[in-house]
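Per this note's numbering, the sequence shown starts with residue 363, numbered consecutively.
The C-beta atom is built at its ideal place from N, Cα and C for all residues, glycine as well.
Values in this document were obtained by computation on a predicted structure and should not be read as measured data.
First comes the structure, then the notes that go with it.
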Amino acid sequence: MTNHSAANRSSDQPKNDQPKNDQPKNDRLKNDPLKNKIEQRQARIGIIGLGYVGLPLALLFSEQKFAVTGFDIDQRKVDTIAQGGSYIYRIGAEEIRAAKAQGFSATSDYARLVEMDAVIICVPTPLNQYHEPDLSFITDTTHAIAPHLQAGQLVVLESTTYPGTTEEVMVPILEKESKNGLKAARGTSCDDASAKNEFFVAFSPEREDPGNTAVARRDIPKVVGGVNPKASELAGALYGSIFQRTVPVSSPAAAEMTKLLENIYRCVNIALVNELKLLCLRMGLDIWEVIDAASTKPFGFHPFYPGPGLGGHCIPIDPFYLSWKAKEFDFRTRFIELAGEINNNMPYHVLASIGGALNQHKKSVNGARVLILGVAYKKDIDDLRESPALTIIELLQKEGAQVNYHDPYFPFIGKGRKYDLQMKRTELEQLAQYDCIVIVTDHSDYDYRKIVGEAQLVVDTRNATKGIDSPKVVRC
Ligand code: SAJ
Numbered sequence: 363m364t365n366h367s368a369a370n371r372s373s374d375q376p377k378n379d380q381p382k383n384d385q386p387k388n389d390r391l392k393n394d395p396l397k398n399k400i401e402q403r404q405a406r407i408g409i410i411g412l413g414y415v416g417l418p419l420a421l422l423f424s425e426q427k428f429a430v431t432g433f434d435i436d437q438r439k440v441d442t443i444a445q446g447g448s449y450i451y452r453i454g455a456e457e458i459r460a461a462k463a464q465g466f467s468a469t470s471d472y473a474r475l476v477e478m479d480a481v482i483i484c485v486p487t488p489l490n491q492y493h494e495p496d497l498s499f500i501t502d503t504t505h506a507i508a509p510h511l512q513a514g515q516l517v518v519l520e521s522t523t524y525p526g527t528t529e530e531v532m533v534p535i536l537e538k539e540s541k542n543g544l545k546a547a548r549g550t551s552c553d554d555a556s557a558k559n560e561f562f563v564a565f566s567p568e569r570e571d572p573g574n575t576a577v578a579r580r581d582i583p584k585v586v587g588g589v590n591p592k593a594s595e596l597a598g599a600l601y602g603s604i605f606q607r608t609v610p611v612s613s614p615a616a617a618e619m620t621k622l623l624e625n626i627y628r629c630v631n632i633a634l635v636n637e638l639k640l641l642c643l644r645m646g647l648d649i650w651e652v653i654d655a656a657s658t659k660p661f662g663f664h665p666f667y668p669g670p671g672l673g674g675h676c677i678p679i680d681p682f683y684l685s686w687k688a689k690e691f692d693f694r695t696r697f698i699e700l701a702g703e704i705n706n707n708m709p710y711h712v713l714a715s716i717g718g719a720l721n722q723h724k725k726s727v728n729g730a731r732v733l734i735l736g737v738a739y740k741k742d743i744d745d746l747r748e749s750p751a752l753t754i755i756e757l758l759q760k761e762g763a764q765v766n767y768h769d770p771y772f773p774f775i776g777k778g779r780k781y782d783l784q785m786k787r788t789e790l791e792q793l794a795q796y797d798c799i800v801i802v803t804d805h806s807d808y809d810y811r812k813i814v815g816e817a818q819l820v821v822d823t824r825n826a827t828k829g830i831d832s833p834k835v836v837r838c
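Below, the structure is given as structure tokens:
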């Protein structure tokens with residue numbers, strides 16, 4: 363990758379990416395120690411949270427010759443990395459070993475944060491049982507950082523959260539619990555932070571798209587919003603060393619809201635096609651045909667596809683961070699709430715469709731032998747979080763069905779946040795033994811034509827059997 367200096371990059375970026383600083387970038391930070399360390403690849407990068415977001419980020423920095431230290435409370439992750447192994451399906455052990463050769467290491471000792479020049483936080487932001495934001499991972503991590511915080515360090519939060527988290531939650535903890543009364547740099551001063559006992563803070567949302575190999579990570583533009591212009595530019599320089607394009611915005615809250623808009627856009631549009639699918643079923647129309655036809659419009663339309671429900675650690679969850687915060691402003695985010703209702707209803711729609719399909723064969727759900735094909739929350743990945751397949755399995759079991767599953771990525775389903783299935787993957791054989799086979803996750807591995815050929819009945823929630831005309835197939 364061409365290593366653009368900040369000045370070059372700003373000149374060849376589209377206008378709307380011009381840094382929003384009030385001085386030309388190279389004047390403000392010309393002699394800044396951290397900026398120079400970043401440019402010389404000498405800056406030591408600490409990444410807290412080595413999951414689906416933090417580990418790929420560590421690898422990107424390592425590729426650009428930075429020495430990266432990963433921090434995680436999960437000793438298994440730390441040990442696996444120490445042994446040169448990977449615990450994420452799409453990240454090969456050879457990538458870990460190559461990063462280790464560049465100095466990448468992992469630790470659970472947060473005291474080592476004192477050695478870092480930049481600290482990037484990539485921890486989960488789930489919902490609690492009341493469907494409210496659970497910031498405990500962010501606050502626990504911030505409490506762990508604060509005692510080791512150093513003047514001049516740059517702290518960046520990447521975890522998806524509501525606008526205000528960085529400045530209203532994270533910064534106060536860092537300032538209150540840091541040693542030597544450190545303060546987050548504010549205003550437009552460019553003085554040397556270490557002399558002023560200051561640290562820099564920014565928010566920069568992650569844009570990991572699990573399973574997407576079409577777009578190289580470094581080609582995904584990185585939005586950055588600093589507490590002050592200098593923090594924005596330092597974070598811009600840091601991310602600009604690994605991403606082709608950085609997009610500065612005016613504040614951490616603007617960056618936090620940018621991420622939420624991206625994911626709410628998906629959540630609402632998926633709910634739209636889910637609702638239209640239910641209508642099309644009643645009208646005898648094929649929603650998939652309609653979406654494909656609408657997709658021929660070369661502008662003003664982006665296809666989304668109906669499914670069995672919304673899974674993943676982001677799309678079903680992030681919108682409710684904004685709903686919750688909006689109440690503080692006496693504002694109801696009705697689109698988000700309606701989308702949530704529609705998407706949450708989809709597993710129940712699938713159950714009803716299975717019941718209807720069995721009924722056509724003079725069978726009931728109670729006592730039926732059902733095989734669930736694919737349990738990951740979306741195709742071709744190894745992640746079960748919030749997967750609608752788990753809800754569908756539990757609903758079928760409650761109705762008395764005998765449920766088996768197959769998924770190439772999961773030999774076993776144990777206990778998770780909202781489920782405890784303790785199921786072992788069944789082999790994909792003797793498919794005629796099942797009263798119904800339900801395609802919940804349309805992994806590319808499956809030979810759908812063969813499956814339909816052998817099955818008695820197939821309920822397809824993903825249009826995976828497109829082009830296979832068979833009376834055995836019910837699309838729902
Ligand atoms: N889904 C549909 N219909 C669609 C698209 C998705 O039913 O047309 C379902 C999927 O099956 C899945 C859920 O929605 O269950 C979420 O899938 P997703 O691909 O929209 O979201 P994630 O969580 O895998 O990853 C997303 C990223 N995806 C894309 O932008 C395509 C991106 O929004 C974020 O970088 C990431 O969440 C995150 O971490 O925020």
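Boundaries of the alpha helix (DSSP H) around Y601: P591 to G602. The Cβ atoms of A794 and Y810 lie no closer than 9 Å to each other.
An exposed status is given to D807, since fewer than 16 other beta-carbon atoms sit within 10 Å of its beta-carbon.
The nearest non-hydrogen atom of the ligand SAJ is less than 8 Å from the C-beta of S749. With a cutoff of 8 Å, K621 counts as near the ligand SAJ, since its C-beta is closer than that to a heavy atom of the ligand. Counting only residues of its own chain and dropping the five nearest sequence neighbours on each side, S726 has a CB closer than 7 Å to the CB of L720. Here the distance from the Cβ of G587 to the nearest heavy atom of the ligand SAJ is not below 8 Å. Per DSSP, the continuous beta strand (DSSP E) segment holding H768 begins and ends at Q764 to H768.
The continuous beta strand (DSSP E) containing C798 extends over residues C798 to I801. Looking only at E570, S612 and Y767, the smallest Cα-Cα distance to T788 is reached by Y767. Taking non-hydrogen atoms of the ligand SAJ into account, the C-beta of F666 is found less than 8 Å away from one of them. Placement of the Cβ of L511 at a distance of 8 Å or more from every heavy atom of the ligand SAJ is found. Between P495 and Y683, the gap from beta carbon to beta carbon is short of 9 Å.
Counted as a single uninterrupted DSSP element, the stretch harbouring L391 is not any alpha helix (DSSP H), since DSSP gives it neither H nor E. Judged by their CB atoms, G587 and A616 are nearer to each other than the 9 Å cut-off. V611 has its alpha-carbon roughly 10 Å from the corresponding atom of E595. Distance from the C-beta of V415 to the nearest heavy atom of the ligand SAJ is below 8 Å. Its Cα nearest to that of F428, the residue Y601 stands out among N590, Y601 and Q437. Looking at the backbone, the Cα of G673 and that of L746 are separated by about 8 Å.
At a cut-off of 8 Å, the beta-carbon of I453 does not count as near the ligand SAJ: no heavy atom of the ligand is closer than that. For R569, the shortest C-beta to heavy atom distance toward the ligand SAJ is below 8 Å.
In the DSSP assignment, D804 is bridged to no other residue. Put simply, of E761, G762, G736 and D742 the residue whose alpha carbon is nearest the alpha carbon of P750 is G736. R580 is a Cβ neighbour of Q606, given a cutoff of 9 Å. Separation of A473 and T528 (C-alpha to C-alpha, rounded to the nearest whole angstrom) is 22 Å. According to the DSSP assignment, P525 belongs to no beta strand (DSSP E), since it is labelled neither H nor E. Straight through space, the alpha carbons of N707 and I507 are spaced by roughly 41 Å. Straight-line measurement puts the Cα of P709 at about 43 Å from the Cα of S603. Comparing C-alpha distances from V821 to each of P773, G718 and Q784 shows the shortest one belongs to G718. In the DSSP assignment, the residues bridged to G587 are F565 and V611. Annotated three-state conformation of K621 is helix, per DSSP.
The Cβ atoms of I679 and L475 do not sit closer than 9 Å to each other.
In the structure shown, F433 adopts extended strand secondary structure according to DSSP, grouped into three states. Using a Cβ distance threshold of 9 Å, A468 and A444 count as a contacting pair.
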